[in-house]
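Enquirer: Take a look at this one; I'll ask things after.
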Amino acid sequence: MTQFTKNPYFGLFTKQKANQFNIAQSTYNERVKKLNALRRAIEITYREQIKEALSKDLGKPIIESELSEIYQILSDIRYVKKHLHKWMRKQKVQTPLSLLGSSSYYIYEPKGVCLIISPWNFPFNLTFGPLISAIAAGNTAIIKPSEMTPNSSALMAKIIDDLFDEDEIALIEGEVETSTQLLELPFNHIFFTGSPNVGKIVMTAAAKNLASVTLELGGKSPTVIDESANIKEAAKKIVWGKFLNAGQICVAPDYILIQESVKTQFIDACLNWIEHFYSKNPETSNAFARIVTPKHYKRLMAHLENAKSLDAKFILEGEHNEDSKYIAPTVVTDLSHDSKLLNEEIFGPIMPIISFNELEEAIDCINSKERPLALYIYSKSKTNINKVISNTRAGGTCVNNNIIHYANHNLPFGGTNNSGIGKSHGFFGFKAFSNERAVIKQHFFGATEFLFPPYNDFKEKMAK
Ligand code: NAD
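Okay, structure coming up:
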């Protein structure tokens, strides 16, 4: 441990390490008490301040803050409280005849001292979500939220400081350097939510201490629409999913693959829904968010310039405003395969549409890219739905909808390879922060006698 003494967070880490077994031995009731305190803070004490912080940081509409941040956290806590007792129980398993006289079980024991690093797009939900799992599983945790949403991270720091002692849960605000310093420490588990590039940095740092990781990453989530789909309904759901939080959602439908025969109908329906949801001038709509930082605004504008330079066709291109970081909903077709919009995660209010004739073309396009966090299919054909699912890989899938799989706590949430490693939510989140410890208990002696040397009378021993 001496190699860490110069690390500014080593003192805090050491306090949590010393306290980890006290926290690990907390009972169901004690863990629920902590979750209830967090629930009260979110639901009552800080509810208005949370919405205010989100509005300042992201221009997030009040209803979206209620639904995608506050409601999500509260329902997560409710679900965990309902099931935690069962998850904390000893899980008995059978013992083979060859180990006669023993009984076997495994327990979910806390991993220990955990690090949670979170992104900016749903600052509260994506910080408190993993924290709920960490608390439920009986861990201590140090949290590092994103520096991009300073009002939200300052408020979360206050909430954590109000509710917990730092030797149990602490929140440290800071930029990349803070993350880097924290990542040097020998945490037992690191739960990271963010981009695939930073995910690789986190995993490399974790490898130095052989810390286990959960990586909740991003990528390009495709949407496939075939000609059997209800196009008007599909367009409605996709416009909602694409432009929610101005497209800054890890499971947003990144690009659309649509069968050529229904392309025009789909585009018309999208344009109608965009106007219906956000009016003719989305800049004045109270349902449309802003881009998080000038850096991300410039990144998205560069994507649009790049598409233009490669002769993409802009079906809808509204106003943009650098001062307010506003980019209107944008719809683009006829994109070159080299365009950035088809090669980098968009994370903004831009919808690229690619058409296909045969379903295999859509499948090939998906498989030519990194494995996505989500894949969406709109179709009435069971054959086509099964074909897409069985010939691709993705963290999660919705059929005839998008994003909603995130809200079912019974489902595992997470990616695969480039879109993530490990799962979260509900039991899967509890499991991510737990070590499954196998225990075998021998009740009388002699049952494993045959294992001991000398081996020349092995057959006789086995016969006894
Ligand atoms: P990011 O990877 O840039 O940052 C995430 C966190 O990592 C922040 O706290 C940041 O301070 C820290 N960080 C940044 N650079 C670092 C470095 N070099 N070393 C150590 N730490 C570093 O991601 P973001 O921009 O905050 O979020 C957007 C990305 O997150 C998108 O790719 C999106 O798809 C993904 N995401 C995934 C999920 C999910 O649940 N799978 C949810 C939300 C966002």
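All letters in the sequence shown, in the order written, are residues 346 to 809 by the working numbering. Beta carbons: idealized from backbone N, C-alpha and C, even for Gly.
Please state whether DSSP places residue 651 in a helix, a strand or coil.
Expert: Working through the sequence shown from its first residue, we reach residue 651 at position 306. The answer is helix: DSSP assigns residue 651 an H, G or I state.
Enquirer: With respect to the alpha helix (DSSP H) encompassing residue 496, which residues constitute its N-terminal and C-terminal limits?
Expert: The sequence position of residue 496 within the sequence shown is 151, counting from 1. First-last of the alpha helix (DSSP H) with residue 496: 495–508.
Enquirer: So what does residue 765 bridge to, in DSSP terms?
Expert: Along the sequence shown, read from residue 1 onward, the residue named residue 765 stands at position 420. DSSP output for residue 765 lists 561, 762 as bridge partner(s).
Enquirer: Using a Cβ-Cβ cut-off of 7 Å (strictly less than) and excluding sequence neighbours within five positions of residue 373, which residues of its own chain qualify?
Expert: Here residue 373 corresponds to residue number 28 of the sequence shown, with the count starting at 1. Closer than 7 Å at the Cβ level, and outside the excluded window around residue 373, lie 429, 430, 433.
Enquirer: Is the Cβ-Cβ distance between residue 487 and residue 376 less than 8 Å?
Expert: Taking the sequence shown and counting its residues from 1, one reaches residue 487 at position 142. Taking the sequence shown and counting its residues from 1, one reaches residue 376 at position 31. Not a contact, by the Cβ cut-off of 8 Å.
Enquirer: So, do the region 528–542 and the region 507–518 have three or more beta carbon pairs nearer to each other than 8 Å?
Expert: no
Enquirer: Look up residue 567 in the DSSP assignment and give the residues it is bridged to.
Expert: Counting from one through the sequence shown, the residue named residue 567 turns up at place 222. Bridge partners of residue 567: 600.
Enquirer: With 16 other CB atoms within 10 Å as the buried threshold, where does residue 293 fall?
Expert: The first residue shown for the chain is 346 and the last is 809, placing residue 293 beyond what the model contains.
Enquirer: Please confirm whether any heavy atom of ligand 1 lies closer than 7 Å to the CB of residue 746.
Expert: The residue labelled residue 746 in the question sits at position 401 within the sequence shown. Residue 746: no, Cβ never under 7 Å from ligand 1.
Enquirer: What does residue 458 pair with, by DSSP beta-bridge criteria?
Expert: On the sequence shown, position 113 is the one that residue 458 refers to. For residue 458, which the question treats as bridged, DSSP gives the partners 485.
Enquirer: Would you identify the three-state DSSP class for residue 514, choosing helix, strand or coil?
Expert: Numbered from its first residue, the sequence shown carries residue 514 at position 169. Three-state DSSP puts residue 514 in a strand.
Enquirer: My understanding is that residue 764 touches residue 718, with C-beta atoms under 8 Å, so please give their C-beta distance in whole angstroms.
Expert: Numbered from 1 along the sequence shown, position 419 holds the residue referred to as residue 764. Numbered from 1 along the sequence shown, position 373 holds the residue referred to as residue 718. That belief holds up - the Cβ atoms of residue 764 and residue 718 are roughly 4 Å apart, short of 8 Å.
Enquirer: Opposite residue 743 in the DSSP bridges: which residues?
Expert: In the sequence shown, residue 743 corresponds to position 398, counting from 1. Paired residues: 721.
Enquirer: Per DSSP, residue 783 forms a beta bridge with which residues?
Expert: As a position in the sequence shown, residue 783 is number 438, starting the count at 1. According to DSSP, which records beta bridges pairwise, residue 783 is partnered with 451.
Enquirer: Which residues does DSSP list as the beta-bridge partners of residue 521?
Expert: Numbered from 1 along the sequence shown, position 176 holds the residue referred to as residue 521. BP columns for residue 521 are empty, so no partner.
Enquirer: Given a threshold of 16 other Cβ atoms within 10 Å of its Cβ, counted over all protein chains shown, does residue 361 qualify as buried or as exposed?
Expert: What you label residue 361 is simply residue 16 of the sequence shown in a count that begins at 1. It is buried - the Cβ of residue 361 has at least 16 other Cβ atoms within 10 Å.
Enquirer: Would you identify the three-state DSSP class for residue 696, choosing helix, strand or coil?
Expert: Position 351 of the sequence shown, counted from the start, is the residue given in the question as residue 696. It is a strand residue.
Enquirer: Taking the Cβ atom as the reference point for each residue, do residue 596 and residue 751 lie within a distance shorter than 8 Å?
Expert: Here residue 596 refers to the residue found at position 251 when the sequence shown is read from its first residue. Here residue 751 refers to the residue found at position 406 when the sequence shown is read from its first residue. Result yes, Cβ atoms of residue 596 and residue 751 sit closer than 8 Å.
Enquirer: Between residue 604 and residue 570, which are expected to be in contact by the criterion C-beta below 8 Å, what is the C-beta distance as a whole number of angstroms?
Expert: By one-based count along the sequence shown, residue 604 stands at place 259. By one-based count along the sequence shown, residue 570 stands at place 225. Going by Cβ atoms, the distance from residue 604 to residue 570 rounds to 7 Å, so yes, they are a contact pair.
Enquirer: Mind checking residue 475: buried by the 16 CB within 10 Å criterion, or exposed?
Expert: Counting from one through the sequence shown, the residue named residue 475 turns up at place 130. With 16 or more other Cβ atoms within 10 Å, it is buried.
Enquirer: Exposed or buried, which one is residue 365 when buried takes at least 16 other CB atoms within 10 Å?
Expert: On the sequence shown, position 20 is the one that residue 365 refers to. Buried, since its Cβ has 16 or more Cβ neighbours within 10 Å.
Enquirer: Ligand 1 and residue 760: does the residue's C-beta get closer than 7 Å to at least one heavy atom of that ligand?
Expert: Here residue 760 refers to the residue found at position 415 of the sequence shown. Under cutoff, so the answer is yes.
Enquirer: Give a yes or no on whether the C-beta atoms belonging to residue 551 and residue 580 are separated by under 8 Å.
Expert: Within the sequence shown, residue 551 is the residue found at index 206, counting from 1. Within the sequence shown, residue 580 is the residue found at index 235, counting from 1. Not in contact: residue 551 and residue 580 (Cβ atoms no closer than 8 Å).
Enquirer: Can you tell me which of 424, 665, 560, 713 puts its alpha carbon nearest to the alpha carbon of residue 683?
Expert: Here residue 683 refers to the residue found at position 338 when the sequence shown is read from its first residue. Of the candidates 424, 665, 560, 713, the one whose C-alpha sits nearest the C-alpha of residue 683 is 713.
Enquirer: Note down, in chain order, each residue of its chain lying with its Cβ closer than 7 Å to the Cβ of residue 586, except the 5 sequence neighbours on either side.
Expert: As a position in the sequence shown, residue 586 is number 241, starting the count at 1. Result list for residue 586: 597, 598, 747, 748, in chain order.
Enquirer: Could I get the ranges of all uninterrupted alpha helix (DSSP H) runs contained in the region 394–432, with 4 residues as the minimum, in chain order?
Expert: 407–410
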